[in-house]
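A short write-up of the structure that comes next.
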Amino acid sequence: MCRTKFVKKLVGTDFYELRVSVDNEVRVILFAADSDNINLATRIIFLNGFIKKGTKDYDKGISRAIRILRNVL
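At position 39 of the sequence shown the residue is numbered 84 (my numbering), and the sequence of numbers has no breaks.
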């Protein structure tokens, strides 16, 4: 069973996270939006996804998302 938990803005970054729980794992997808208000966004770019095992995963994921976003823009 796959359930979406929530979407939230990551503090100190321009990125949002989408968390999805699958069995006992939390999968995180990082994305950027063209508005500070996600409800008003007209463009969303999904950048990176990873299985959350600890808080250090975010540092790696954010670094990778920054590199990907630079290449896209």
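Note that the Cβ used here is the ideal one computed from N, Cα and C, for glycine as well.
Delimiting residues of the beta strand (DSSP E) encompassing Asn93: 89-97
Cα-Cα separation, Val65 to Phe51: 8 Å
I need the boundaries of the beta strand (DSSP E) containing Ser66, first residue and last residue. 60-67
What number of angstroms, rounded off, separates the C-alpha of Val56 from the C-alpha of Glu62? 10 Å
Just curious, the beta strand (DSSP E) that Val73 is in, first and last residue? 70-78
Find out if the Cβ-Cβ distance for the pair Leu92, Leu118 is shorter than 7 Å. no
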